[in-house]
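Residue numbers (the numbering used here), protein chains in the order written: chain A, 13 to 359; chain B, 294 to 761. Positions of the beta carbon are idealized from the N, C-alpha and C atoms, including for glycine. All values derive from a computational prediction rather than experimental measurement.
Shown next as structure tokens:
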């Protein structure tokens with residue numbers, strides 16, 4: 013029994029890792045797309061695009077990776093979830109298409125630049141919103157037999173709210189990325205928006221948690237019934253701690269000119285890592301509530317698991333290539349380390 | 294008329310996959326060419342090679358971007374529109390795609406950033422390595438996706454348990470009977486497509502007396518490549534055809550337009566109008582016995598015809614028949630161009646022959662059209678099966694409401710039509726703009742690692758770039 017569960021559990025964790033990587037990495041570059049309309053000048057927009065133009069493609073690959081791991085390791089779940097969430101997925105893909113091509117065309121355009129700005133901002137926002145909406149649908153539960161019906165049961169106030177919450181969360185990640193990669197006005201602006209977004213994100217996390225606990229007795233039971241609930245309680249506590257630190261850091265970044273003395277305790281990179289850890293904690297809380305389900309209360313990871321022959325075939329690939337991928341991805345970030353320079357670089 | 298969700302899903306997949314394949318077909322060849330030029334520049338120091346690499350890297354970048362965004366769609370479309378197919382074959386197809394992502398997609402994406410934007414941040418050798426890695430990544434990607442696709446044509450290495458496919462031998466799944474042929478055929482097709490895009494552009498530039506040195510180098514190299522690759526492709530295509538005859542005789546019958554259950558001494562039809570209802574061809578023009586000679590190496594050899602199987606196991610004959618002729622026709626044209634080019638080169642009038650340069654410049658999209666036509670032969674020819682002989686397409690479509698699929702299909706048609714126009718516009722713009730001038734390349738900032746120095750130089754160059 014142990015062994016039979018072992019491989020599927022590994023892929024369940026791998027899927028979680030892929031989703032988390034995607035959310036953190038594409039989160040910040042989608043977030044920059046969401047923030048885009050709040051920056052006004054061409055120079056600022058150039059700067060925003062330049063800060064992510066070399067990484068967006070790699071970041072988005074984690075979405076494909078998550079998709080194919082779901083496909084290869086849990087075909088049943090992939091088939092059900094993808095067709096259940098048909099419209100949000102299609103709209104997300106359209107959003108990703110427009111924001112993706114905007115990177116290439118914007119820098120080469122003159123008269124059509126304004127349209128590529130729109131494509132980038134609207135596409136990023138649409139993709140993020142759809143992802144949040146899908147998250148909401150999975151949390152609140154959806155009937156697996158409803159593929160054929162014309163009902164729009166994925167469209168509820170709750171899922172609309174989670175859509176907005178994820179947009180805000182990505183925008184927060186984007187702000188902290190800009191705090192790290194920019195200087196001057198853009199950095200100031202990012203830190204200022206970051207603080208406001210952080211307040212909204214914390215409120216949204218609270219509301220979503222309360223609603224889920226209220227709506228779903230199984231999750232309530234898990235969080236409050238038993239010894240491990242003490243460990244689970246650590247998650248919100250750590251989240252509050254991280255949020256507090258993040259708020260202070262973002263505040264200090266803004267005070268750079270006011271008080272030179274503060275400069276020694278001014279963290280420009282830490283906000284990003286704090287925001288990332290907020291996401292990590294929220295994600296851990298989510299998984300703690302939903303485990304072992306891929307489609308809550310209907311498809312668990314062990315019922316959806318592909319036969320062992322498939323799971324063990326992928327294993328060496330994952331074990332060999334994933335560390336390599338992480339290594340060269342890190343190396344790539346290292347090569348482009350430091351602040352974004354406002355000159356034309358590259359090809 | 295009642296909307297048919299299954300038909301709409303199939304149309305949507307056909308449309309999105311057709312749109313997608315245009316871009317990798319170009320980038321596989323172009324990435325390889327750019328890597329070759331960069332390598333030659335490092336080796337010889339001849340700046341014309343660098344100019345070629347730098348000129349083509351921009352069209353490459355937008356083409357690659359289009360391929361990425363249209364490719365993500367496909368990785369989800371199996372589940373959204375063919376959920377039952379995903380459920381029963383996921384254990385076979387899914388892991389192959391997982392390997393594609395692990396061994397190719399991340400690799401391409403990871404090194405693309407350095408290839409496009411890293412000129413000032415890494416040394417020339419490291420940059421060259423990044424370009425090579427991107428090129429090799431495109432080949433690896435083709436390997437896995439062709440393995441998955443070929444398995445659907447010639448399934449092997451699996452067993453079916455309770456209606457679900459399990460794998461017994463991954464070796465047999467990956468290197469299934471048609472895979473080596475299809476992979477070689479497709480990889481060559483992609484190289485040829487990239488080659489002809491560059492060939493046509495170089496010819497166009499020479500025709501307009503622009504960037505002569507670079508254009509000559511580009512034309513010369515691609516004509517040599519075409520001279521090797523196009524006859525080789527004809528040979529590989531022939532082998533692939535023999536493989537189809539062995540494993541998918543019905544598809545072959547549709548390609549050749551053979552109806553009789555068995556036909557000895559079958560003619561090679563140059564033209565005909567296949568009629569599914571009457572089960573025969575109209576207006577046949579053919580070369581007697583040639584099809585039999587090519588496929589059985591005997592002028593009186595027997596070939597299986599469409600009537601050997603029930604009507605509901607035959608593909609749409611006309612689509613397969615005409616697509617095949619389009620592909621072969623373009624192939625023949627390409628071979629003619631390659632040999633004519635070699636002849637003119639021998640005569641020493643290659644760069645002056647205006648009619649030849651004009652003819653070449655019209656061939657820019659030839660590779661893409663041939664690739665699309667070839668894939669229509671392959672995919673339409675497999676119908677009504679999704680997994681040949683085992684899974685019918687119609688049985689594994691998601692039970693979605695038709696209007697939902699109609700909505701997404703409409704969105705894709707609108708989005709892709711718009712983007713295709715935009716793509717052509719920017720390709721034209723980039724090609725007209727031409728390469729960076731040699732003087733500027735000579736003070737290129739490759740591998741200036743001391744960042745202060747690089748910044749100062751870049752700032753000095755920036756005003757010039759803004760002038761265009």
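Check: Proximal residues, the region 392 to 412 of chain B versus chain A, C-beta separation under 9 Å; Outcome: 392, 393, 394, 395, 396, 398, 399, 400, 401, 402, 403, 404, 405, 406, 407, 408, 409, 410, 411, 412
Check: Short CB-CB distance (under 8 Å) between residue 146 of chain A and chain B; Outcome: no
Check: Helix, strand or coil at residue 468 of chain B according to DSSP, with G and I counted as helix; Outcome: coil
Check: Local Cβ density within 10 Å of residue 725 of chain B, reported as buried at 16 or more and exposed below that; Outcome: exposed
Check: Residue 307 of chain A: contacting residues in chain B (beta-carbon distance under 8 Å); Outcome: Under the 8 Å cutoff, chain B gives no residues; its nearest Cβ is about 12 Å from residue 307 of chain A.
Check: heavy atom of the ligand MG below 7 Å from residue 449 of chain B C-beta; Outcome: Looking for the ligand MG in the displayed structure turns up nothing, as the structure carries no ligands at all.
Check: Opposing strand residues paired with residue 579 of chain B [DSSP bridges]; Outcome: B:562
Check: Beta-carbon separation (whole angstroms), residue 308 of chain B vs residue 705 of chain B, contact threshold 8 Å; Outcome: 6 Å
Check: Simplified DSSP assignment, three categories, for residue 740 of chain B; Outcome: A caution first: residue 740 of chain B carries a pLDDT of 48, below 50, which makes its placement in the model unreliable, though a value can still be read off. Residue state, collapsed to three classes: coil.
Check: Any chain A beta carbon closer than 8 Å to residue 436 of chain B; Outcome: no
Check: Nearest-angstrom Cα separation, counted from residue 665 of chain B out to residue 613 of chain B; Outcome: 12 Å
Check: is_contact[residue 740 of chain B, chain A] using C-beta, thresh 8 Å; Outcome: Only weak support is given to the placement of residue 740 of chain B: the predicted model assigns it a pLDDT of 48, under 50, and the value that follows is read from those uncertain coordinates. Residue 740 of chain B does not count as touching chain A.
Check: Spatial distance of residue 26 of chain A from residue 80 of chain A (CA atoms); Outcome: 12 Å
Check: Integer-rounded CB distance, given that residue 392 of chain B should sit under 8 Å from residue 329 of chain A; Outcome: 5 Å
Check: For residue 473 of chain B, the residue or residues it bridges with in DSSP; Outcome: DSSP output for residue 473 of chain B lists no bridge partner at all.
Check: Buried versus exposed, by CB contacts within 10 Å (16 or more), residue 544 of chain B; Outcome: buried
Check: Check whether residue 302 of chain B and residue 690 of chain B have beta carbons under 8 Å apart; Outcome: yes
Check: Positions along the region 336 to 353 of chain B whose CB lies within less than 8 Å of some CB in chain A; Outcome: 347, 350, 351
Check: Contact belief for residue 417 of chain B with residue 734 of chain B at Cβ below 8 Å, rounded distance in angstroms; Outcome: No, residue 417 of chain B and residue 734 of chain B are not in contact; Cβ-Cβ is about 12 Å, not under 8 Å.
Check: Contacting residues, own chain, Cβ-Cβ under 6 Å from residue 192 of chain A (five flanking each side not counted); Outcome: 280, 281, 284
Check: DSSP three-state assignment for residue 452 of chain B, whether helix, strand or coil; Outcome: strand
Check: Interfacial residues, the region 46 to 66 of chain A to chain B, with Cβ spacing under 8 Å; Outcome: 65, 66
Check: Beta-ladder partner(s) of residue 459 of chain B, from DSSP; Outcome: B:452
Check: Among B:395, B:360, B:459, the one whose alpha carbon lies nearest that of residue 713 of chain B; Outcome: B:360
Check: Check whether residue 148 of chain A and residue 181 of chain A have beta carbons under 8 Å apart; Outcome: no
Check: Exposed unless 16 or more other CB atoms sit within 10 angstroms - verdict on residue 336 of chain B; Outcome: exposed
Check: Listed by chain order, chain A residues near residue 377 of chain B by CB distance under 8 Å; Outcome: 91
Check: Beta-carbon proximity of residue 46 of chain A to residue 136 of chain A, cut-off 8 Å; Outcome: yes
Check: Distance between residue 574 of chain B and residue 584 of chain B (C-alpha atoms, nearest Å); Outcome: 16 Å
Check: Minimum C-alpha distance to residue 521 of chain B - residue among B:658, B:398, B:635; Outcome: B:635
Check: Interface residues of the region 96 to 122 of chain A facing chain B [CB-CB below 7 Å]; Outcome: 98, 99, 101, 102, 105, 106, 108, 109, 112, 113, 115, 116, 117, 120
Check: C-alpha gap between residue 670 of chain B and residue 195 of chain A, whole angstroms; Outcome: 56 Å
Check: Contact under 8 Å by Cβ, residue 594 of chain B with residue 554 of chain B; Outcome: no
Check: Rounded separation between residue 34 of chain A and residue 72 of chain A - CA only; Outcome: 7 Å
Check: Close-in-space but distant-in-sequence residues of the same chain around residue 320 of chain B (CB under 7 Å, 5 per side omitted); Outcome: 353, 356, 357, 360, 431
Check: Which listed residue (B:615, B:523, B:457, B:559) has its alpha carbon closest to that of residue 316 of chain A; Outcome: B:457
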